[in-house]
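Counting in the numbering used here, the sequence shown runs without a single skipped number right up to 260 at its last residue. Step one of this worksheet: look at the structure below.
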Amino acid sequence: MLSRLTRPQALAVYALPVVALIATAVFAPLPFSLAQPGMTANVLGKNAGTPVITISGAKTRATSGQLRMTTIEATSPDTHVSLGDVVSAWFATDRAVLPRDSVYPSGDTTQQIEEHNRAQMKESQDAATQAALDYLHLGSDKIKVTLKLADVGGPSAGLLFTLGIVDKLDGNGSGGDLTGGRTVAGTGTISDDGTVGAVGGVALKTQAARRDGATVFLVPKAECSDAKSELPKGLRLIPVKTLDGAVNALVSLETGKGSVPSC
């Protein structure tokens, strides 16, 4: 004969699976990465004691101001990210929750990911050099450009590398600097033909840029809305789609002539 459970007993019995499910959800690893503003580096200067851009075979010019590439820092691919971590980061303005596959799409091991990121960085550097020399109508047979940036991988510094090469070789084309003496930061991939591509994480990169003194931020036009979502005070957004557009915007900003696009 079965005995009847009292109401409190029944509630306790039924609550146990619910509690177990909640506990599992809270502590089980989730397919996300947590990200925050990362380091920035002035491509016109040195990083880890080594010039970021070295050019031989052509006369270079002294530059003023800064062109700072930006990064985000994300949890490693094997980091245990729980529901509690996700909820905490979701409500923080200086952190973001990203699908793990969007941060580490290239493999399952740290070694595979690092190799992929190094390959992407090399491709980005080659494209930056080609885009800059083509923009300046210079041949690449005699001019050698070396780009070095310690502990950074991926393609997102492409636009800033390209602008740095242009600034060192030609400035604004009239004897001045592309930066106009400002600290300009930004992000974006670059292709051989000078097309600027989206990169992700721009809302965190704008915070890193402002933290390190930037007053202007070049953002791929497709990511304007993301960049505006947590835009720090005192940082001006300039959307760009091409290398030509980025150079023209910076020259207009410096000279006060022509229009400067905005998000």
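Note that CB positions come from ideal geometry on N, CA and C, so glycine has one too. All values reported here derive from a predicted model rather than from experimental measurement.
**Request:** Give the DSSP-derived three-state secondary structure of L215 in the structure shown.
**Result:** For L215, the secondary structure class from DSSP, reduced to helix, strand or coil, is strand.
**Request:** Answer yes if the segment 80 to 97 comes into contact with the segment 115 to 124, meaning at least three C-beta pairs across the two stretches below 8 Å, and no otherwise.
**Result:** Touching, no, given that fewer than three Cβ pairs across the two stretches are closer than 8 Å.
**Item:** Euclidean distance between Cα positions of C260 and D138
**Value:** Between C260 and D138, the C-alpha separation is close to 39 Å.
**Asked** In its own chain, which residues sit with a C-beta less than 7 Å from the C-beta of G173, not counting the 5 before and 5 after it?
**Response** The answer, listed in chain order, is E251.
**Request:** Have a look at L232, S79, G197 and D164 and flag the residue whose alpha-carbon is nearest the alpha-carbon of K218.
**Result:** Comparing Cα-Cα distances from K218 to each of L232, S79, G197 and D164, the minimum goes to G197.
**Prompt:** Expressed to the nearest angstrom, what Euclidean distance is found between the alpha-carbon atoms of Q108 and P74?
**Reply:** About 10 Å.
**Prompt:** If you draw a straight line from the C-alpha of V257 to the C-alpha of V244, how long is it?
**Reply:** In this model, V257 and V244 are separated by some 11 Å (Cα to Cα).
**Message:** Assuming E227 and Q204 are in contact, meaning their beta carbons sit under 8 Å apart, how far apart are those beta carbons, in whole angstroms?
**Reply:** Right, their Cβ atoms sit about 7 Å apart.
**Asked** To the nearest angstrom, how far is it from the Cα of N39 to the Cα of V49?
**Response** Computed Cα separation, rounded: 8 Å.
**Message:** Taking only three categories from DSSP, how would you classify N245?
**Reply:** Residue state for N245 is assigned as helix, using DSSP reduced to three classes.
**Asked** Is it true that the segment 120 to 129 meets the segment 207 to 214, where meeting means three or more beta-carbon pairs spaced less than 8 Å apart?
**Response** The segment 120 to 129 makes no contact with the segment 207 to 214, as fewer than three CB pairs between them are under 8 Å.
**Asked** In the structure shown, what three-state DSSP assignment does L232 receive?
**Response** Correct three-state label for L232: coil.
**Asked** Cα separation between T57 and L144?
**Response** About 15 Å.
**Run of the alpha helix (DSSP H) containing I162, from where it starts to where it stops** = Unbroken alpha helix (DSSP H) run through I162: G155 to L166.
**Message:** Tell me the DSSP secondary structure of R207 in three-state form.
**Reply:** Look at R207 here: in three-state DSSP terms it is helix.
**Message:** Just to check my reading of the structure: V149 and I52 have Cβ atoms closer than 8 Å, yes? What is that Cβ distance to the nearest angstrom?
**Reply:** That belief does not hold up - the Cβ atoms of V149 and I52 are roughly 20 Å apart, past 8 Å.
**Asked** What runs of the alpha helix (DSSP H), each 4 residues or longer, lie entirely inside the segment 72 to 133?
**Response** Correct list: 80 to 87, 97 to 100 and 107 to 132.
**Item:** One or two residues paired with S30 in a DSSP bridge
**Value:** DSSP lists L95 as partners of S30.
**Where A124 falls, given that 16 or more other Cβ within 10 Å makes a residue buried** = Counting Cβ neighbours within 10 Å, A124 comes out buried, since at least 16 surround it.
**Message:** Less than 7 Å between C-beta atoms, sequence neighbours within five positions excluded: which residues of the same chain meet that for A304?
**Reply:** No answer is possible for residue 304: it lies beyond the span of the chain, which begins at -2 and ends at 260.
**Prompt:** Leaving out five residues before and five after V181 in sequence, what residues of the same chain have Cβ atoms less than 6 Å from its Cβ?
**Reply:** Correct list, in chain order: L64 and V213.
**Item:** Cβ neighbours of G191 in the same chain (closer than 8 Å, five flanking residues each side left out)
**Value:** Closer than 8 Å at the Cβ level, and outside the excluded window around G191, lie A128, D131, Y132, T159, T239, L240 and D241.
**Asked** What's the C-alpha gap between E112 and P152?
**Response** Each residue's alpha carbon lies about 13 Å from the other.
**Prompt:** Sorted by chain position, which residues of the same chain lie with C-beta nearer than 6 Å to L95's C-beta, five sequence neighbours on each side aside?
**Reply:** The answer, listed in chain order, is S30 and A32.
**Three-way DSSP call (helix, strand, coil) for S53 in this model** = Of the three classes helix, strand and coil, the one that applies to S53 here is strand, per DSSP.
**Message:** Can you tell me whether D223 is buried or exposed? The criterion is at least 16 other CB atoms within 10 Å of its CB, across all chains shown.
**Reply:** So D223 ends up on the buried side.
**Prompt:** According to the neighbour-count rule (16 or more other Cβ atoms, all chains shown, within 10 Å of its Cβ), is V248 buried or exposed?
**Reply:** The Cβ neighbour count for V248, taken over all protein chains shown within 10 Å, is at least 16; the residue is labelled buried.
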